[in-house]
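Worksheet: one structure, shown below.
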Amino acid sequence: MFRVVFLAAALAATSVAHAQSAEQQPPPDQKLVDGFEGKDFAPEGGLYYRDNFEQSAGSYVFQSDVKRTGNGGLKLSIVPKCPPADDGCSERAEIWEKTALRVPYDQGVWYGFSVKFADPVPNGDHRYLIAQWKREIDHGANGDFSPFLAFRMSLGKLFVTVETNYLPPVSTGPENTAASCAPGEVPVWVRPDLNQMRMLVAADSNWKPEDGRLFNSCTTGVTVTKHGNPLPDPKSGWIDFAVFTKPGADGSGHIELFANGQPVITVKGHIGHADKGLGQNQYFKFGPYRAADTTNWTLYYDDFRRSTRCADVLTNGVCPFS
(Lines of atoms letter the chains of each structure in order from A and count residues from 1; the text may use other names and numbers.)
(Lines give C-alpha, C1' and ligand atoms only; values in the text may rest on other atoms or scores of the structure.)
Protein backbone atom coordinates (compact mmCIF):
# COMPACT_ATOMS: atom_id res chain seq x y z
CA MET A 1 0.00 0.00 0.00
CA PHE A 2 2.83 2.38 0.86
CA ARG A 3 4.45 1.73 -2.50
CA VAL A 4 1.20 2.46 -4.37
CA VAL A 5 0.69 5.72 -2.51
CA PHE A 6 4.30 6.73 -3.13
CA LEU A 7 4.05 6.03 -6.87
CA ALA A 8 0.78 7.95 -7.12
CA ALA A 9 2.36 10.92 -5.37
CA ALA A 10 5.38 10.75 -7.63
CA LEU A 11 3.20 10.74 -10.75
CA ALA A 12 1.22 13.69 -9.46
CA ALA A 13 4.41 15.62 -8.74
CA THR A 14 5.74 14.81 -12.20
CA SER A 15 2.51 16.01 -13.81
CA VAL A 16 2.70 19.32 -11.96
CA ALA A 17 6.34 19.73 -12.90
CA HIS A 18 5.59 19.16 -16.56
CA ALA A 19 2.71 21.63 -16.47
CA GLN A 20 5.10 24.21 -15.08
CA SER A 21 7.60 23.28 -17.77
CA ALA A 22 5.00 23.89 -20.47
CA GLU A 23 4.23 27.33 -19.04
CA GLN A 24 7.92 28.28 -18.77
CA GLN A 25 9.70 27.39 -22.01
CA PRO A 26 13.16 26.04 -21.13
CA PRO A 27 15.97 28.33 -22.28
CA PRO A 28 18.27 25.59 -23.67
CA ASP A 29 21.03 28.03 -24.64
CA GLN A 30 21.48 29.16 -21.05
CA LYS A 31 24.86 28.14 -19.66
CA LEU A 32 24.68 26.51 -16.22
CA VAL A 33 27.64 26.33 -13.82
CA ASP A 34 28.00 25.28 -10.18
CA GLY A 35 31.32 24.63 -8.45
CA PHE A 36 29.58 23.99 -5.08
CA GLU A 37 31.61 26.74 -3.45
CA GLY A 38 28.99 28.06 -1.06
CA LYS A 39 26.48 26.74 1.44
CA ASP A 40 23.74 26.08 -1.11
CA PHE A 41 23.29 25.47 -4.82
CA ALA A 42 24.43 28.41 -6.94
CA PRO A 43 21.62 30.33 -8.69
CA GLU A 44 23.57 30.12 -11.96
CA GLY A 45 23.70 26.32 -11.74
CA GLY A 46 19.98 25.59 -11.85
CA LEU A 47 20.27 22.55 -9.56
CA TYR A 48 18.29 21.30 -6.57
CA TYR A 49 17.83 18.27 -4.30
CA ARG A 50 14.44 16.63 -4.76
CA ASP A 51 12.49 15.71 -1.64
CA ASN A 52 10.72 12.31 -1.75
CA PHE A 53 10.87 8.93 -0.01
CA GLU A 54 13.71 7.45 -2.04
CA GLN A 55 15.70 10.66 -1.61
CA SER A 56 15.15 10.48 2.15
CA ALA A 57 17.80 7.75 2.16
CA GLY A 58 20.27 10.39 1.02
CA SER A 59 21.91 13.56 2.20
CA TYR A 60 23.90 16.38 0.61
CA VAL A 61 26.60 18.49 2.24
CA PHE A 62 28.50 21.47 0.87
CA GLN A 63 31.99 20.95 2.26
CA SER A 64 35.59 22.04 1.68
CA ASP A 65 37.61 18.96 2.69
CA VAL A 66 37.23 17.08 -0.62
CA LYS A 67 37.14 19.10 -3.83
CA ARG A 68 38.60 19.00 -7.34
CA THR A 69 38.90 22.72 -7.96
CA GLY A 70 38.14 25.88 -6.02
CA ASN A 71 37.29 25.83 -2.33
CA GLY A 72 34.39 23.41 -2.13
CA GLY A 73 32.69 20.27 -3.36
CA LEU A 74 29.39 18.47 -2.88
CA LYS A 75 29.18 15.34 -0.72
CA LEU A 76 26.29 13.00 -1.56
CA SER A 77 25.60 9.98 0.65
CA ILE A 78 22.96 7.29 1.03
CA VAL A 79 22.18 4.95 3.91
CA PRO A 80 19.92 1.87 4.06
CA LYS A 81 16.31 3.05 4.11
CA CYS A 82 14.10 0.67 2.14
CA PRO A 83 11.66 -1.60 3.99
CA PRO A 84 13.04 -5.16 3.93
CA ALA A 85 9.94 -6.55 2.24
CA ASP A 86 9.92 -3.99 -0.62
CA ASP A 87 11.97 -5.52 -3.45
CA GLY A 88 11.18 -2.62 -5.78
CA CYS A 89 12.48 0.09 -3.47
CA SER A 90 15.52 2.21 -4.35
CA GLU A 91 17.77 4.57 -2.41
CA ARG A 92 18.99 7.86 -3.88
CA ALA A 93 20.79 11.13 -3.23
CA GLU A 94 20.39 12.70 -6.65
CA ILE A 95 20.72 16.31 -7.77
CA TRP A 96 18.29 17.45 -10.48
CA GLU A 97 18.12 20.23 -13.04
CA LYS A 98 15.27 22.62 -12.34
CA THR A 99 12.27 21.77 -14.49
CA ALA A 100 12.12 25.16 -16.23
CA LEU A 101 15.73 24.75 -17.39
CA ARG A 102 15.38 21.39 -19.11
CA VAL A 103 16.51 20.97 -22.71
CA PRO A 104 14.19 19.84 -25.54
CA TYR A 105 14.50 16.12 -26.18
CA ASP A 106 15.59 16.52 -29.80
CA GLN A 107 18.31 19.09 -29.10
CA GLY A 108 21.97 18.33 -28.46
CA VAL A 109 23.59 19.68 -25.32
CA TRP A 110 26.89 19.25 -23.46
CA TYR A 111 27.13 18.31 -19.77
CA GLY A 112 30.18 18.20 -17.54
CA PHE A 113 30.75 17.07 -13.98
CA SER A 114 33.52 15.65 -11.81
CA VAL A 115 33.08 12.74 -9.44
CA LYS A 116 35.22 11.05 -6.78
CA PHE A 117 34.33 7.76 -5.11
CA ALA A 118 34.78 7.71 -1.34
CA ASP A 119 36.32 4.63 0.27
CA PRO A 120 35.20 1.94 0.30
CA VAL A 121 34.07 1.72 -3.32
CA PRO A 122 31.16 -0.76 -3.45
CA ASN A 123 32.24 -3.96 -5.19
CA GLY A 124 29.09 -6.06 -5.03
CA ASP A 125 27.13 -7.47 -7.96
CA HIS A 126 24.46 -4.85 -7.52
CA ARG A 127 22.71 -1.95 -9.29
CA TYR A 128 24.59 1.30 -8.76
CA LEU A 129 24.26 4.52 -10.81
CA ILE A 130 26.23 7.76 -10.52
CA ALA A 131 24.60 9.81 -13.34
CA GLN A 132 21.67 9.40 -15.70
CA TRP A 133 19.86 11.18 -18.53
CA LYS A 134 16.14 10.58 -19.03
CA ARG A 135 13.14 11.75 -21.01
CA GLU A 136 10.23 13.34 -19.18
CA ILE A 137 7.40 10.95 -18.45
CA ASP A 138 3.99 12.58 -18.64
CA HIS A 139 1.03 11.44 -16.58
CA GLY A 140 -0.64 8.52 -18.31
CA ALA A 141 2.44 7.19 -20.09
CA ASN A 142 2.43 3.41 -20.23
CA GLY A 143 5.65 2.03 -18.76
CA ASP A 144 8.63 2.67 -16.53
CA PHE A 145 11.32 4.07 -18.80
CA SER A 146 14.98 3.60 -17.99
CA PRO A 147 17.53 6.37 -18.66
CA PHE A 148 18.56 6.69 -22.29
CA LEU A 149 22.12 7.19 -21.01
CA ALA A 150 23.41 5.97 -17.67
CA PHE A 151 26.77 5.79 -15.89
CA ARG A 152 26.63 2.59 -13.88
CA MET A 153 28.79 0.49 -11.60
CA SER A 154 28.82 -3.18 -10.62
CA LEU A 155 31.53 -5.31 -9.04
CA GLY A 156 33.48 -2.09 -8.43
CA LYS A 157 33.70 -1.38 -12.19
CA LEU A 158 32.30 1.51 -14.20
CA PHE A 159 30.27 0.97 -17.35
CA VAL A 160 27.93 3.00 -19.55
CA THR A 161 24.62 1.97 -21.11
CA VAL A 162 22.37 3.47 -23.78
CA GLU A 163 18.66 2.65 -24.05
CA THR A 164 16.16 2.77 -26.88
CA ASN A 165 12.93 1.16 -28.02
CA TYR A 166 13.01 -2.54 -28.82
CA LEU A 167 14.62 -3.58 -32.10
CA PRO A 168 14.96 -7.25 -33.09
CA PRO A 169 18.51 -8.31 -32.20
CA VAL A 170 20.97 -9.70 -34.73
CA SER A 171 21.55 -12.70 -32.47
CA THR A 172 20.71 -13.95 -28.98
CA GLY A 173 22.62 -16.41 -26.83
CA PRO A 174 21.89 -18.20 -23.57
CA GLU A 175 20.62 -16.12 -20.65
CA ASN A 176 23.28 -14.88 -18.21
CA THR A 177 26.00 -15.44 -20.81
CA ALA A 178 27.73 -12.43 -22.33
CA ALA A 179 27.23 -12.21 -26.08
CA SER A 180 30.18 -12.49 -28.46
CA CYS A 181 29.29 -9.82 -30.98
CA ALA A 182 30.83 -9.37 -34.43
CA PRO A 183 32.51 -6.11 -35.50
CA GLY A 184 29.88 -3.41 -35.89
CA GLU A 185 27.54 -5.09 -33.40
CA VAL A 186 26.93 -4.00 -29.80
CA PRO A 187 26.03 -6.18 -26.77
CA VAL A 188 22.43 -5.60 -25.74
CA TRP A 189 19.89 -6.72 -23.16
CA VAL A 190 16.52 -6.90 -24.91
CA ARG A 191 13.18 -6.51 -23.14
CA PRO A 192 10.50 -6.80 -25.85
CA ASP A 193 7.70 -6.96 -23.27
CA LEU A 194 8.63 -3.39 -22.25
CA ASN A 195 9.49 -2.22 -25.77
CA GLN A 196 12.97 -1.39 -24.48
CA MET A 197 16.57 -2.52 -24.93
CA ARG A 198 19.76 -1.60 -23.09
CA MET A 199 23.12 -1.50 -24.89
CA LEU A 200 26.55 -1.78 -23.29
CA VAL A 201 28.69 0.91 -24.94
CA ALA A 202 31.70 1.48 -22.64
CA ALA A 203 33.47 0.07 -19.57
CA ASP A 204 36.62 0.58 -17.53
CA SER A 205 39.86 -1.34 -18.06
CA ASN A 206 39.01 -3.86 -15.33
CA TRP A 207 35.85 -5.01 -17.11
CA LYS A 208 35.78 -8.68 -18.16
CA PRO A 209 33.46 -10.24 -20.75
CA GLU A 210 31.66 -12.25 -18.07
CA ASP A 211 30.82 -9.01 -16.23
CA GLY A 212 28.37 -8.26 -19.06
CA ARG A 213 26.42 -11.49 -18.79
CA LEU A 214 23.14 -9.56 -18.74
CA PHE A 215 23.87 -8.44 -22.32
CA ASN A 216 23.34 -11.76 -24.07
CA SER A 217 22.23 -10.42 -27.48
CA CYS A 218 23.86 -8.36 -30.24
CA THR A 219 22.42 -5.37 -32.10
CA THR A 220 23.24 -2.92 -34.87
CA GLY A 221 20.81 -0.38 -33.44
CA VAL A 222 23.74 1.91 -32.68
CA THR A 223 27.30 2.21 -33.87
CA VAL A 224 29.95 2.66 -31.18
CA THR A 225 33.29 4.20 -32.12
CA LYS A 226 35.90 3.55 -29.44
CA HIS A 227 38.73 6.06 -29.25
CA GLY A 228 41.26 3.90 -27.41
CA ASN A 229 40.55 5.23 -23.93
CA PRO A 230 38.55 3.09 -21.48
CA LEU A 231 36.57 4.58 -18.63
CA PRO A 232 38.76 5.39 -15.61
CA ASP A 233 38.92 3.08 -12.60
CA PRO A 234 36.53 4.28 -9.85
CA LYS A 235 39.44 4.05 -7.41
CA SER A 236 41.63 6.39 -9.49
CA GLY A 237 40.56 9.65 -7.81
CA TRP A 238 38.71 12.53 -9.39
CA ILE A 239 37.17 11.76 -12.79
CA ASP A 240 36.01 14.66 -14.95
CA PHE A 241 33.34 13.75 -17.50
CA ALA A 242 32.18 15.74 -20.52
CA VAL A 243 29.16 14.35 -22.37
CA PHE A 244 27.20 15.41 -25.45
CA THR A 245 23.66 14.03 -25.51
CA LYS A 246 21.23 14.18 -28.40
CA PRO A 247 18.54 11.49 -28.22
CA GLY A 248 16.95 10.17 -31.39
CA ALA A 249 14.86 7.03 -31.17
CA ASP A 250 14.44 7.18 -34.95
CA GLY A 251 18.15 6.53 -35.47
CA SER A 252 19.34 10.14 -35.37
CA GLY A 253 20.77 9.97 -31.81
CA HIS A 254 24.31 11.06 -31.01
CA ILE A 255 26.43 10.78 -27.85
CA GLU A 256 30.03 11.86 -27.23
CA LEU A 257 31.77 10.82 -24.02
CA PHE A 258 35.05 12.22 -22.68
CA ALA A 259 36.79 11.33 -19.41
CA ASN A 260 39.61 13.48 -18.02
CA GLY A 261 39.84 15.29 -21.35
CA GLN A 262 40.26 12.10 -23.39
CA PRO A 263 37.66 10.85 -25.90
CA VAL A 264 36.16 7.51 -24.84
CA ILE A 265 33.33 6.73 -27.28
CA THR A 266 31.08 8.16 -29.97
CA VAL A 267 27.63 6.57 -30.20
CA LYS A 268 25.24 7.16 -33.11
CA GLY A 269 21.90 5.61 -33.98
CA HIS A 270 18.76 4.66 -32.06
CA ILE A 271 19.05 6.43 -28.70
CA GLY A 272 16.13 7.13 -26.37
CA HIS A 273 12.42 6.36 -26.33
CA ALA A 274 9.53 7.56 -28.48
CA ASP A 275 6.54 5.99 -26.73
CA LYS A 276 3.15 7.66 -26.46
CA GLY A 277 2.86 9.90 -23.42
CA LEU A 278 6.50 10.84 -23.04
CA GLY A 279 7.39 14.49 -22.51
CA GLN A 280 9.09 17.04 -24.73
CA ASN A 281 12.30 17.46 -22.71
CA GLN A 282 15.34 15.52 -21.58
CA TYR A 283 16.82 15.97 -18.13
CA PHE A 284 19.98 15.10 -16.23
CA LYS A 285 20.46 14.04 -12.63
CA PHE A 286 23.54 12.89 -10.78
CA GLY A 287 24.37 11.31 -7.44
CA PRO A 288 24.43 7.86 -5.87
CA TYR A 289 21.41 5.73 -6.77
CA ARG A 290 21.08 2.02 -6.02
CA ALA A 291 18.71 -0.83 -5.42
CA ALA A 292 18.08 -1.42 -1.71
CA ASP A 293 21.30 -2.25 0.11
CA THR A 294 22.68 -2.65 3.61
CA THR A 295 25.73 -0.34 3.59
CA ASN A 296 26.47 3.38 3.38
CA TRP A 297 27.70 4.86 0.09
CA THR A 298 29.29 8.28 -0.54
CA LEU A 299 30.31 10.14 -3.69
CA TYR A 300 31.82 13.62 -4.08
CA TYR A 301 30.94 15.90 -7.02
CA ASP A 302 32.42 19.13 -8.32
CA ASP A 303 32.50 21.38 -11.39
CA PHE A 304 29.02 20.93 -12.84
CA ARG A 305 28.45 22.73 -16.13
CA ARG A 306 25.98 22.61 -19.02
CA SER A 307 26.02 24.39 -22.34
CA THR A 308 25.14 23.99 -26.00
CA ARG A 309 28.79 24.96 -26.69
CA CYS A 310 31.37 22.21 -26.29
CA ALA A 311 34.11 24.66 -25.33
CA ASP A 312 32.14 25.72 -22.24
CA VAL A 313 32.15 22.13 -20.95
CA LEU A 314 35.14 20.27 -22.40
CA THR A 315 37.74 22.62 -20.95
CA ASN A 316 40.67 20.15 -20.95
CA GLY A 317 40.24 18.36 -24.29
CA VAL A 318 39.68 18.84 -28.01
CA CYS A 319 36.05 19.31 -29.06
CA PRO A 320 34.89 16.93 -31.81
CA PHE A 321 32.76 19.72 -33.28
CA SER A 322 31.94 23.30 -32.37
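Under mature numbering (1 follows the signal peptide of the UniProt record, and there is no 0), read the sequence shown as residues -19 to -1, 1 to 303, first letter to last.
C-beta: ideal position from N, C-alpha, C; glycine also.
Cβ neighbours of residue i in the same chain (closer than 7 angstroms, five flanking residues each side left out)
i, result
"V151", "E166, C199, T200 and T201"
"Q44", "G53, G54 and K56"
Cβ shell of residue i (< 6 angstroms), same chain only, five flanking positions each side left out
i, result
"residue 322", "A query on residue 322 cannot be resolved here, the shown segment of the chain reaching from -19 to 303 and no further."
"T153", "S198"
Contact belief for residue i with residue j at Cβ below 8 angstroms, rounded distance in angstroms
i, j, result
"G53", "E18", "5 angstroms"
"residue 338", "Q263", "Residue 338 lies beyond the range of the chain shown here (-19 to 303); nothing can be said about it."
"N197", "K138", "Not confirmed; about 18 angstroms, so no contact."
"W77", "L28", "7 angstroms"
"V90", "T289", "6 angstroms"
"Y281", "V47", "5 angstroms"
Residue i and residue j closer than 8 angstroms at C-beta
i, j, result
"L181", "F140", "yes"
"F222", "D15", "no"
"R133", "A159", "no"
"H254", "F129", "yes"
"G298", "G242", "yes"
"S58", "D283", "no"
"Q88", "K227", "yes"
Buried or exposed (CB count within 10 angstroms, at least 16 for buried), residue i
i, result
"E144", "buried"
"Q11", "exposed"
"R287", "buried"
"P65", "exposed"
"S71", "buried"
"E75", "buried"
"G218", "exposed"
"R271", "buried"
"D174", "exposed"
"K189", "exposed"
"P164", "exposed"
"R49", "buried"
"V112", "The sequence shown places Ala at residue 112, rather than the Val named in the question. The residue is buried, with at least 16 neighbouring Cβ atoms inside 10 Å."
For residue i, the nearest candidate out of the options (CA to CA)
i, options, result
"W278", "N241, H208, G39 and F94", "G39"
"R116", "A131, P211, H107 and D274", "A131"
"W114", "G124, G268 and V299", "G268"
"F34", "C63, V47 and T50", "C63"
"C300", "V245, S161 and P168", "V245"
"R108", "D68, G121 and K79", "D68"
"H208", "R194, A184, D231 and G218", "A184"
"G93", "S303, V294, F302 and G298", "V294"
"G121", "K257, L280 and A292", "K257"
"N210", "K227, E237, L13 and T226", "E237"
"L136", "P155, R31, D214 and N176", "D214"
Residue i: CB within 7 angstroms of a non-hydrogen atom of the ligand FAD
i, result
"A160", "No copy of the ligand FAD occurs in the structure displayed, which carries no ligand at all."
Own chain, CB closer than 8 angstroms to residue i, minus 5 neighbours either side, in chain order
i, result
"V203", "V143, T145, V167, M180, V182, G234, V248, K249, G250, H251 and I252"
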